[in-house]
Amino acid sequence: MRRGSILRMVAIGIVAGVVTALVAVLVPWLPTSASEEMDRIEFVYWFVTVISIAIFALVTAVLVYMVVKFRAAPDDDSDGPPIHGHTGLEIAWTAVPAVLVTAIAIVSAIALARNGDAGTNPLRVHVVAQQFAWKFEYPGSGVTSGRLVLPVGRSAELELDAVDVIHSFWVPEFGQKADAVPGMQTRLVITPTRLGTFPVICTELCGLGHATMRSEVEVLSQEDFDAWLAEQKQASGGGGGASVFTANGCGACHAFKPAGSTAQVGPSLDAVAQDAQAAGAPVAEFVRESIVDPDKYVKPGYAKGVMPTTFAELPKDQLDALVEYVVGGKAS
Ligand code: CUA
């Protein structure tokens, strides 16, 4: 092969490589990482991306050069030369991809294994998913919260459960997701590296309210986290209606001014008095029945079977407190 041909191919390859590298670097494909696990996933992505750019540049260079150089003249209808195989070339294009794919598999396996390792002293959080809310329980402290709070720099081991159907826990800035499956416990390890508030999103279509099944995770310093946990412990001691409302994620579907929620999946709870009148029942009785047996009376304009029936299992004291809270709007 002449030197001029090789130089031209190298030039095309450099142009192709630089353009794709710019697309990879300049476009913000992924959110900024906020966990060690996401850092490892990003490393795997970059490892694969660099290999892909190199191969793309090589193929583009040869292809473009060949198309231009060996283009048949418009009036040339003759057959091409009878070329048959090239053992050396075939060995090369089998061996090189085999080595690359093996390398990618090894790097991925190491990243996955390390991402699943919670270390010796993880913070354990029990995550309960249900239509259409998240509940986070901190074992040992009795604290239950509608939003996830984690200390920075310490591994957290989330144990996921679902009450009704399959949901999926995802925080984009943390990288990984994990399904929450009824009757089965799944786990996810997160080691936050950045302070801040990030969205918690359900990524498994789980019903009419799927799109509203969101919460937040707040990453705090260890001291702030300890203070938050102590504060929650005190607040949950009373088992007031407001904390039952928050812990069960009622605000994910219902607007309710005292709780500051504005969701519109289900009827607004600011209008329970009028709804009770329409249903022909005393308001407290109506609210209790709507929680325990939601399909008995469904407000016109809303569908049956949307409100989960799982709240019938709430302990009686919590149910009483919740009814009182919704009826009176008292933050008792
Ligand atoms: Cu839960 Cu989608």
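Take the sequence shown: its position 2, counted from the start at 1, is -8 in my numbering, and no numbers get skipped. Where a beta carbon is used, it is the ideal one built from N, C-alpha and C, also for glycine.
Query: Hey, residue 174 and residue 122 are a contact pair by Cβ (cut 8 Å); roughly how many whole angstroms apart?; Result: Their Cβ separation, rounded to whole angstroms, is 20 Å, which puts residue 174 and residue 122 out of contact at 8 Å.
Query: Is residue 36 near residue 139, with beta carbons less than 7 Å apart?; Result: no
Query: Does DSSP put residue 68 in a helix, a strand or coil?; Result: coil
Query: Please report the straight-line C-alpha distance between residue 40 and residue 48, rounded to a whole angstrom.; Result: 13 Å
Query: Please name the residue, chosen from 31, 303, 64 and 192, that lies closest to residue 323 on a Cα-to-Cα basis.; Result: What is shown of the chain runs -9 to 322, which leaves residue 323 out entirely.
Query: Could you work out which residue in 270, 212, 315 and 125 is closest to residue 259 when comparing CA atoms only?; Result: 315
Query: Thinking C-beta only, is residue 178 closer than 7 Å to residue 330?; Result: Only positions -9 to 322 of the chain appear in the structure, and residue 330 is not among them; the question remains open.
Query: Judging by CA-CA distance, which residue of 113, 57, 243 and 166 is the nearest neighbour of residue -1?; Result: 57
Query: How long is the line joining the alpha carbons of residue 110 and residue 296, rounded to whole angstroms?; Result: 42 Å
Query: Helix, strand or coil: how does DSSP classify residue 321 here?; Result: Confidence at residue 321 is low in this model, with a pLDDT of 42, below 50, so the placement of that residue is unreliable and no value is reported for it.
Query: Do you know how far the Cα of residue 128 is from the Cα of residue 145?; Result: 14 Å
Query: Go ahead and pull the three-state DSSP assignment for residue 19.; Result: coil
Query: Comparing C-alpha positions only, which one of 254, 255 and 280 sits nearest to residue 263?; Result: 280
Query: On the DSSP bridge list, what partners appear for residue 43?; Result: Looking at the DSSP assignment, residue 43 forms no beta bridge with any residue, so it has no partner.
Query: State yes or no: is the C-beta of residue 240 nearer than 6 Å to some heavy atom of the ligand CUA?; Result: no
Query: Give a single yes or no on whether residue 194 has its beta carbon closer than 6 Å to a heavy atom of the ligand CUA.; Result: yes
Query: Give the DSSP-derived three-state secondary structure of residue -3 in the structure shown.; Result: helix
Query: Check residue 157 in the structure and name its three-state DSSP category.; Result: strand
Query: Can you name the start and end residues of the alpha helix (DSSP H) that residue 205 belongs to?; Result: Element bounds for residue 205: not the alpha helix (DSSP H) but the beta strand (DSSP E), 204 to 210.
Query: Are there any heavy atoms of the ligand CUA lying less than 6 Å away from the beta-carbon of residue 200, as far as the coordinates show?; Result: yes
Query: Could you say if the segment 112 to 121 and the segment 146 to 160 meet the contact criterion of at least three C-beta pairs nearer than 8 Å?; Result: yes
Query: Would the beta-carbon of residue 203 be found less than 6 Å away from any heavy atom of the ligand CUA?; Result: yes
Query: So who's on the other strand from residue 135, going by DSSP bridges?; Result: 126
Query: Quick check: the segment 19 to 32 against the segment 65 to 74, are at least 3 beta-carbon pairs closer than 8 Å?; Result: no
Query: Closer than 6 Å: is that where the CB of residue 157 sits relative to any heavy atom of the ligand CUA?; Result: yes
Query: Determine, using beta carbons only, whether residue 54 and residue 2 come nearer to each other than 7 Å.; Result: yes
Query: Buried or exposed for residue 223, please, with buried defined as at least 16 other CB atoms from any protein chain shown within 10 angstroms of its CB.; Result: exposed
Query: Give the C-beta separation of residue 196 and residue 161 to the nearest angstrom, bearing in mind that I take them to be a contact with Cβ-Cβ under 8 Å.; Result: In fact, because the Cβ distance is near 17 Å, the residues do not count as touching under 8 Å.
Query: Which class does residue 247 belong to by DSSP, given the choice of helix, strand or coil?; Result: helix
Query: Please classify residue 51 as buried or exposed, where buried requires at least 16 other C-beta atoms within 10 Å of its C-beta.; Result: buried
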